[in-house]
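Quick notes on the structure that follows.
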Amino acid sequence: MIFQPASAIAALAQELAHRVAGDVSFEPYQRALYSTDASMYRIEPLGVVVPRTAEAAAIAVTVAARHGVPIIPRGSGTSLSGQPLGAAVILDCSKYLNRIHQIDVESSTAWVEAGVVLDQLNAAAGQFGLQFGPDVATSNRANLGGMIGNNSAGSRSILHGKTVNHVIELDVILADGTRTTLRPLTDAQADELARHGDPVGKLHGDVARIVAREREEIRARFPPVLRRVSGYNLDEFVPECGARLPVPPSVHRVRALDAQRFPAGTTNLARLVVGAEGTLAVVVGAKLHLVPVPQQRALQVLEFSSLEAAIDAVGKILPCGPSAIELFDRMILDLAAQSLEYRHYLDFVVGQPEYLLLAEFSGETAAAVRAGMDAASAQLAHHAGLTHTLVAWDREQCEQIWKCRKAALPLLMGLPGHRKPIAFVEDTAVNPARLPEFVARFRQILRDEGTDGAFYGHASVGCLHIRPLIDTKDRDDLARMERILTRVSDLVLEFEGSMSGEHGDGLARGYLNEKLFGPRIYQAFKEVKHAFDPGNLLNPGKIVDSPAPTENLRLPPGFRTLPIVTTFDFSRQGGLGGAA
């Protein structure tokens, strides 16, 4: 970003306050509130705009573009990789742009604004027996705009895929403030639009040219895994890429839905904006596909004596048609036992297991669900390391078990001590069939570097959230973090996996994209970025031209909290500073 003198920032703030319907603040307090997210990063923005309408958001983008100031769209700030952070104007879509305009039961679709929360949409759609397929753990606060920006997935992606599989149209604001709708077009319609030469037509032409030129490279370099959200979705315009995915039979349903909604001979730039982290356009609304809520769900809670035993069991369960297989470890169980809220939800745990798998089966009838569970039980009848199995049919009990799984991240972040399970290599995804070897070698890297980590996440699709214990305030640990990042990215390349299966690039992984995709695809990413945003004003420094992941840390080397004498006892947390 070009340096902006104080007088220029003051002029920008004044014009935004005068022209934008909504809340505008460039005060230090507001800027501090928006300086971080759920990641390990902190960058103070220039100011914050909270538009009341999509039209107001478009005016804000137009004004910022004319002043040459970057703008970053933001939802609730649940991102784990620093996506909504930067020295820019933050466009907060969560407060006012939260209306559900339409739920069409006949077509199983919904039109929503970007600030609609996932649970809000599911509550409204649930009255008609429908839901949004991707089901992130932060569902009670995650905005749909953020899920679109991040191409979110969730625990049941083995059934429903990612957000990109459910986005039909997007109401977007381009970098110059132009507002348009990106929707499915026939190839002939897209070619005709490209010949018009207007901004939207030019985008269609540019993307078609880049994809045609790099088609073979896209096929060769995009990892053949279901959970890949790094880079830009150029593979969505090369249908044969999907055929490379080594997935269980249940994922064929995702492909069938895609083929039905996006038949051969169509193109849709909305699928490129999904997962672009706000770097290509500002999403203010979306037409989404909804899926039926299953009539029956049940859980198998499988307890294991080791990580190896738990991971080996995943391959035996997958052919039985589960709707989810989730892993979490002893560290999370111990933290839950110490929590005033979650200790009451641990009745389902027997003994002292080292690892748990939650295998969910769902369907239209109890018989269908039971058949899947019986098949899984038969597969695991003599599985070494399986110490106990609990079958949960009761809806309330299942919800309590899922609450413990959803609480994994906040529980982990409450771990006492200077070393925390931080997010920087926590989102790798590989072919589930190769998960046992991958996890073993990943863990050996951590041991070689003198640390360990928390293991949890979406075992069904080979996307585990492995969080090494690191103290970013310690220079030796920061060097350790860089070595782990290099070694894990080498491992991911060897296994044809993705560095991010869910949490995105942001500030944590964007700088790795040239290494992971190769120079030709990385150059294509830069061309896509330039086509949409020639002035580099939409969330710069994400996906391409990203800084090193050790920059902009919230708790950098040398950071220390002040010693404070308190009446209450915070010794278990390492004092009041440690608790904070």
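If you read the sequence shown in the numbering used here, its first letter stands for residue 8, the second for the next number, and so on.
Ideal Cβ positions, reconstructed from N, Cα and C, are used throughout, including at glycine.
The alpha helix (DSSP H) enclosing residue i, as first and last residue numbers
{"i": "Asp-497", "result": "482-501"}
{"i": "Arg-216", "result": "206-220"}
{"i": "Arg-202", "result": "194-203"}
{"i": "Arg-190", "result": "No alpha helix (DSSP H) contains Arg-190, which DSSP labels as neither H nor E."}
{"i": "Leu-514", "result": "513-516"}
{"i": "Glu-403", "result": "402-413"}
{"i": "Asp-381", "result": "373-386"}
{"i": "Ala-538", "result": "520-539"}
{"i": "Leu-562", "result": "Per DSSP, Leu-562 belongs to no alpha helix (DSSP H) and is neither H nor E."}
{"i": "Leu-279", "result": "277-280"}
{"i": "Gly-285", "result": "Unbroken run through Gly-285: none, as it is neither H nor E."}
{"i": "Gly-582", "result": "582-586"}
CB contact flag (residue i, residue j, <8 angstroms)
{"i": "Glu-176", "j": "Thr-188", "result": "yes"}
{"i": "Ala-45", "j": "Leu-87", "result": "yes"}
{"i": "Ser-237", "j": "Arg-516", "result": "yes"}
{"i": "Arg-186", "j": "Pro-423", "result": "no"}
{"i": "Ala-331", "j": "Ala-414", "result": "no"}
{"i": "Arg-426", "j": "Glu-456", "result": "no"}
{"i": "Ala-277", "j": "Val-174", "result": "yes"}
{"i": "Gly-379", "j": "Gly-328", "result": "yes"}
{"i": "Ala-67", "j": "Val-27", "result": "yes"}
{"i": "Tyr-48", "j": "Asn-559", "result": "yes"}
{"i": "Leu-514", "j": "Pro-556", "result": "yes"}
{"i": "Arg-482", "j": "Pro-554", "result": "no"}
{"i": "Ala-291", "j": "Ala-131", "result": "Looking at the sequence itself, residue 291 is Val, so the reference to Ala does not match. Going by C-beta atoms, Val-291 is not nearer than 8 angstroms to Ala-131."}
{"i": "Gly-464", "j": "Leu-334", "result": "yes"}
{"i": "Thr-286", "j": "Asp-540", "result": "yes"}
{"i": "Gly-204", "j": "Gly-168", "result": "no"}
{"i": "Ala-293", "j": "Asp-178", "result": "yes"}
{"i": "Arg-163", "j": "Asp-142", "result": "yes"}
Environment of residue i [buried if 16+ CB atoms lie within 10 Å]
{"i": "Tyr-36", "result": "exposed"}
{"i": "Asn-275", "result": "buried"}
{"i": "Pro-256", "result": "Low confidence applies to Pro-256: its pLDDT is 48, below 50, so where it sits in the model is not reliable, and the reading given next is rough at best. Result: exposed."}
{"i": "Ala-72", "result": "buried"}
{"i": "Gly-584", "result": "exposed"}
{"i": "Glu-247", "result": "exposed"}
{"i": "Ile-318", "result": "buried"}
{"i": "Lys-102", "result": "exposed"}
{"i": "Val-214", "result": "buried"}
{"i": "Phe-566", "result": "exposed"}
{"i": "Thr-85", "result": "buried"}
{"i": "Ile-110", "result": "buried"}
{"i": "Leu-569", "result": "exposed"}
{"i": "Ser-467", "result": "buried"}
{"i": "Pro-360", "result": "buried"}
{"i": "Ala-374", "result": "exposed"}
{"i": "His-211", "result": "buried"}
Given residue i as reference, the closest of the options once Cα atoms are compared
{"i": "Ser-544", "options": "Gln-307, Val-289 and Ile-571", "result": "This sequence places Leu at residue 544; Ser is not what is there. Among Gln-307, Val-289 and Ile-571, the Cα nearest to that of Leu-544 is on Val-289."}
{"i": "Val-280", "options": "Lys-427, Ala-440 and Tyr-239", "result": "Tyr-239"}
{"i": "Asp-30", "options": "Glu-51, Arg-59 and Asn-150", "result": "Arg-59"}
{"i": "Ala-95", "options": "Ile-78, Val-56 and Glu-503", "result": "Ile-78"}
{"i": "Ala-305", "options": "Gln-404, Leu-363 and Met-506", "result": "Gln-404"}
{"i": "Ala-385", "options": "Asn-158, Ala-317, Gly-161 and Pro-326", "result": "Pro-326"}
{"i": "Asp-497", "options": "Leu-471, Ile-452 and Trp-409", "result": "Ile-452"}
{"i": "Leu-309", "options": "Ser-162, Thr-396 and Leu-353", "result": "Thr-396"}
{"i": "Met-420", "options": "Val-572, Phe-368 and Arg-474", "result": "Arg-474"}
{"i": "Val-551", "options": "Glu-534, Arg-561, Arg-337 and Ser-164", "result": "Glu-534"}
{"i": "Asp-183", "options": "Val-76, Ala-383 and Thr-170", "result": "Val-76"}
{"i": "Phe-135", "options": "Val-300, His-167 and Thr-145", "result": "Val-300"}
{"i": "Asp-512", "options": "Ile-16, Leu-485, Lys-549 and His-537", "result": "Lys-549"}
{"i": "Gly-272", "options": "Lys-522, Ala-20 and Pro-191", "result": "Pro-191"}
{"i": "His-296", "options": "Pro-417, Asn-172 and Val-207", "result": "Asn-172"}
{"i": "Val-70", "options": "Ala-24, Ala-586 and Arg-38", "result": "Ala-24"}
{"i": "Leu-137", "options": "Ala-61, Leu-387, Pro-443 and Val-298", "result": "Val-298"}
{"i": "Glu-62", "options": "Gln-21, Leu-98 and Val-207", "result": "Leu-98"}
Span of the beta strand (DSSP E), counted from its first residue to its last, around residue i
{"i": "Ser-86", "result": "Note, Ser-86: premise wrong, no beta strand (DSSP E); not H, not E."}
{"i": "Tyr-362", "result": "362-370"}
{"i": "Pro-80", "result": "78-81"}
{"i": "Ile-429", "result": "Careful: Ile-429 lies outside any beta strand (DSSP E) and carries neither H nor E."}
{"i": "Asp-601", "result": "The shown model of the chain, from 8 to 587, leaves out residue 601, and the question about it has no answer."}
{"i": "Ala-399", "result": "393-399"}
Chain C contact for residue i (CB, 8 angstroms cutoff)
{"i": "Asp-213", "result": "Note that chain C does not occur in the displayed structure, where there is just one protein chain."}
> Mind pulling the alpha helix (DSSP H) runs of 4 or more residues that sit fully within the segment 23-67?
Replying inline: 35-40
> Where in the segment 104-174 do unbroken runs of the beta strand (DSSP E), each at least 3 residues long, occur, reported from the N-terminal end onward?
Replying inline: 107-111 and 116-120
> Taking only runs of the beta strand (DSSP E) that begin and end inside the segment 440-472, which ones reach a length of at least 3 residues, in chain order?
Replying inline: 460-465
>> So within the segment 293-351, which uninterrupted beta strand (DSSP E) runs reach at least 3 residues, ignoring any that extend past its ends?
In response: 303-311 and 331-336
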